Amino acid sequence: DGGIIVWESHAIVRYLAAKHGAGSLWPNDHGARARSDMWMEWTSTDLQPAFIGGVFWNFYRTPEEKRNWPLIRSGIARSAILFRMLDNRLAGRTFIGGDALTIGDIAAGAQCYRYFNLEIDRPDIPHVEAWYARLQERPAYREHVMIPFDDLKGRLAF
Numbered sequence: 001d002g003g004i005i006v007w008e009s010h011a012i013v014r015y016l017a018a019k020h021g022a023g024s025l026w027p028n029d030h031g032a033r034a035r036s037d038m039w040m041e042w043t044s045t046d047l048q049p050a051f052i053g054g055v056f057w058n059f060y061r062t063p064e065e066k067r068n069w070p071l072i073r074s075g076i077a078r079s080a081i082l083f084r085m086l087d088n089r090l091a092g093r094t095f096i097g098g099d100a101l102t103i104g105d106i107a108a109g110a111q112c113y114r115y116f117n118l119e120i121d122r123p124d125i126p127h128v129e130a131w132y133a134r135l136q137e138r139p140a141y142r143e144h145v146m147i148p149f150d151d152l153k154g155r156l157a158f
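Residue numbers for the sequence shown follow our numbering, beginning at 1 and rising by one.
In structure tokens, the structure reads:
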């Protein structure tokens with residue numbers, strides 16, 4: 001993009017949204033943008049460490065004989081709390097920020113495909129499930145997020 005190099009997934013999303021999604025993915029209203037950004041940060045600082053670090057890596061990516069079950073159970077419990085928090089946010093809303101998809105949905109939504117496709121206990125989160133169904137209707141979500149990850153099972157190496 002004109003020689004600009006951006007790394008880190010959320011920085012890339014912010015850059016692309018600001019450049020190409022002004023008024024939609026990147027709300028013009030500063031308050032709406034801040035709320036959307038807040039959920040992107042929440043994903044980075046809370047949801048990803050609990051789910052990706054605590055569950056996906058320790059349960060799915062780790063060979064069965066090396067799994068740390070207390071750590072996995074803790075990650076599942078923490079993830080459940082966080083997905084309930086997201087469920088509360090989505091009550092009465094189509095997307096995290098309201099009626100339109102924003103960067104907050106992209107960040108949190110990227111976690112859902114793996115979360116809903118692992119054989120783990122999940123809480124009753126009907127608003128997240130409905131939101132996830134809406135995300136799955138989007139061609140970009142299907143193409144870029146809903147990527148099979150079977151080859152990662154029990155594989156610690158990148």
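By construction, the Cβ of each residue, glycine as well, lies at the ideal position given by its N, Cα and C atoms. Source: prediction; values computed, not measured.
Judging by CA-CA distance, which residue of the options is the nearest neighbour of residue i?
i, options, result
"tryptophan 105", "Glu8, Trp26, Gly2 and Asp1", "In the sequence as displayed, the identity of residue 105 is aspartate instead of tryptophan. The shortest C-alpha separation from aspartate 105 is found at Trp26."
"glycine 98", "Trp39, Tyr15 and Ala18", "Trp39"
"serine 24", "Phe95, Lys66 and Tyr141", "Phe95"
"isoleucine 179", "Arg114, Asp121, Tyr60 and Gly2", "For the chain, the structure presents residues 1 to 158; residue 179 sits outside this window and is missing."
Using a 10 Å radius around the Cβ and a threshold of 16 neighbouring Cβ atoms, would you call residue i buried or exposed?
i, result
"alanine 22", "exposed"
"phenylalanine 56", "buried"
"threonine 45", "exposed"
"phenylalanine 83", "buried"
"alanine 34", "exposed"
"alanine 133", "exposed"
"leucine 86", "buried"
"phenylalanine 158", "exposed"
Sort out for me which residues DSSP pairs residue i with in a bridge.
i, result
"tryptophan 26", "Ala22"
"alanine 98", "Strictly speaking, residue 98 in this sequence is glycine, with alanine absent from that position. According to DSSP, which records beta bridges pairwise, glycine 98 is partnered with Phe95."
Using a threshold of 8 Å, state whether the C-beta atoms of residue i and residue j are closer than that.
i, j, result
"alanine 11", "isoleucine 103", "no"
"leucine 90", "valine 128", "yes"
"phenylalanine 51", "glutamine 111", "yes"
Name the two residues that bound the continuous alpha helix (DSSP H) containing residue i.
i, result
"tryptophan 57", "Tryptophan 57 -> no alpha helix (DSSP H), and no H or E assigned at all."
"tryptophan 131", "126-136"
"arginine 190", "Outside the displayed span of the chain (1 to 158) sits residue 190, for which this structure offers no information."
"glycine 75", "69-90"
"aspartate 105", "103-117"
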